[in-house]
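One line per chain: the protein sequences are B and F, in this order. Residue 180 in our numbering sits at position 99 of the first sequence; the count goes up by one each step and never skips. Residue 235 in our numbering sits at position 4 of the second sequence; the count goes up by one each step and never skips. Using N, Cα and C, we set each Cβ at its ideal position, and we do this for glycine too. All figures in this text were calculated on a predicted structure; none of them were measured in a lab.
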Amino acid sequence: QKEVEQDPGPLSVPEGAIVSLNCTYSNSAFQYFMWYRQYSRKGPELLMYTYSSGNKEDGRFTAQVDKSSKYISLFIRDSQPSDSATYLCAMCRDDKIIFGKGTRLHILP
Amino acid sequence: DVKVTQSSRYLVKRTGEKVFLECVQDMDHENMFWYRQDPGLGLRLIYFSYDVKMKEKGDIPEGYSVSREKKERFSLILESASTNQTSMYLCASSIGSGGLETQYFGPGTRLLVL
Chain B
82 QKEVEQDPGP LSVPEGAIVS LNCTYSNSAF QYFMWYRQYS RKGPELLMYT
132 YSSGNKEDGR FTAQVDKSSK YISLFIRDSQ PSDSATYLCA MCRDDKIIFG
182 KGTRLHILP
Chain F
232 DVKVTQSSRY LVKRTGEKVF LECVQDMDHE NMFWYRQDPG LGLRLIYFSY
282 DVKMKEKGDI PEGYSVSREK KERFSLILES ASTNQTSMYL CASSIGSGGL
332 ETQYFGPGTR LLVL
C-alpha cells in the first residue's frame, strides 16, 4: 500500500464551481497535513496546513482532515482560472515528510 | 515575504561532471531542504539541515552530498553527475524546530545531464 495516494487528474471544472481535491494515506502517525499549489515551471507554494483532524478555512480554500479515515481534502470555492495549477498534498511527522504526486486542475473560463 | 532563491533555473551538464546547486534564503530560517521532483514520482527529499554544518539524509541521498557553511545558504553537490540525476531540483526553507509543515520553496533548477 502506498503511503500517500492522490489522483493525478487532470480535473477540469467550469469557473465558479466548487473544487474538491483529495488524498488518502496509510500511516496513522502523520500529524501535520499540508496543501501546496504549484504553477507550471515554478516551485510549490504552501496554501494551508492543519494539525490533526478538523477543518481549516482561508478565504476560498478549506482544508479538511479525517484521521479516522486517513483522508484529507482541499475545497476551493468560486474557482477562478488563476486556480489552474497542480495541487500537492503532503503530510509529516517528526523528521519524515511525504508528498502526493499532485492533481492537475484546469478551471475553464 | 520569504524569499528562497536558487542559483540557476536551467543547467546542462555532462556525465561525470561535478555539479553545484546553490540555494539562499533571506528569512533567517533554521531549516533548509533539498528535493528532486520527477514526473510520476513526485517530490522526494534528498537531504535537509537543521543548523549550520548539520545535515541529515532524506529518502534518496545516494549520489548527492550537501554543505551548509552559513545559515542562509545550502548547497547540493552531485559529485559525478549521471543521466538518472536529470530532474527538477527544489530547495526549501522553514523556521523552528522540525518545521517540515511550513516550508517555503524556491523556483527550482531544471538539470539535464547528457
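Own chain partners of residue i with C-beta closer than 6 Å, once the 5 adjacent residues on each side are dropped
i: F:S311; result: G247
i: B:A110; result: R174
i: B:D139; result: M129
i: F:G330; result: N262
i: F:Q334; result: A323 and S325
i: F:D257; result: K234
i: B:S163; result: none
Same chain, Cβ closer than 7 Å to residue i, neighbours up to 5 away in sequence not counted
i: B:Y132; result: Q112 and Y113
i: B:L127; result: M115 and Y117
i: B:R158; result: I99 and R141
i: F:K301; result: V283
i: F:H205; result: Here chain F covers residues 232 to 345 and nothing more, so residue 205 of chain F does not appear.
Residue environment, residue i, which counts as buried when at least 16 other CB atoms sit within 10 Å
i: F:L343; result: exposed
i: F:V283; result: exposed
i: F:V297; result: buried
i: F:E332; result: buried
i: B:P125; result: buried
i: F:L272; result: exposed
i: F:Y241; result: exposed
i: B:L186; result: buried
i: B:Y130; result: buried
i: F:G337; result: buried
i: F:S324; result: buried
i: B:V85; result: buried
i: F:N262; result: buried
i: B:S93; result: exposed
i: F:S280; result: buried
Cβ-Cβ separation, residue j to residue i (assumed contact under 8 Å), whole Å
i: B:S101; j: B:S149; result: Not confirmed; about 19 Å, so no contact.
i: B:I179; j: B:Q161; result: That belief does not hold up - the Cβ atoms of B:I179 and B:Q161 are roughly 29 Å apart, past 8 Å.
i: B:Y152; j: B:N103; result: 7 Å
i: F:L321; j: F:L274; result: 7 Å
Residue i to residue j span [Cα, whole Å]
i: F:E303; j: B:D175; result: 23 Å
i: B:A171; j: F:V235; result: 20 Å
i: F:F264; j: B:P89; result: 25 Å
i: F:Y238; j: F:C254; result: With the sequence shown as reference, residue 238 of chain F is identified as Ser, and Tyr is not the correct amino acid for it. Rounded to the nearest angstrom, the two C-alpha atoms are 6 Å apart.
i: F:G339; j: B:F156; result: 27 Å
i: B:Y117; j: F:I291; result: 21 Å
i: F:S313; j: B:S107; result: 33 Å
i: F:F251; j: B:D147; result: 42 Å
i: F:M285; j: F:R299; result: 7 Å
i: F:Y295; j: F:L276; result: 11 Å
i: F:Y278; j: B:A144; result: 28 Å
i: F:Q268; j: B:S134; result: 28 Å
i: F:Y266; j: B:K182; result: 13 Å
i: B:Q87; j: F:L307; result: 29 Å
i: B:S121; j: B:E96; result: 19 Å
i: B:K137; j: F:K288; result: 32 Å
i: F:K249; j: F:M319; result: 17 Å
i: F:N315; j: B:P190; result: 39 Å
i: B:R83; j: F:E293; result: The question names Arg, but residue 83 of chain B is Lys in the sequence shown. Distance between the alpha carbons of B:K83 and F:E293: 22 Å.
i: B:T105; j: B:K177; result: 17 Å
Beta-carbon proximity list for residue i, same chain, < 8 Å, skipping 5 on both sides
i: F:T317; result: L342, L343 and V344
i: B:Q119; result: P125, E126, A166, T167, Y168, L169 and G183
i: F:R245; result: A312, V344 and L345
Proximal residues of chain C, C-beta to C-beta of residue i below 7 Å
i: F:P338; result: Of the protein chains in the structure, B and F, none is chain C.
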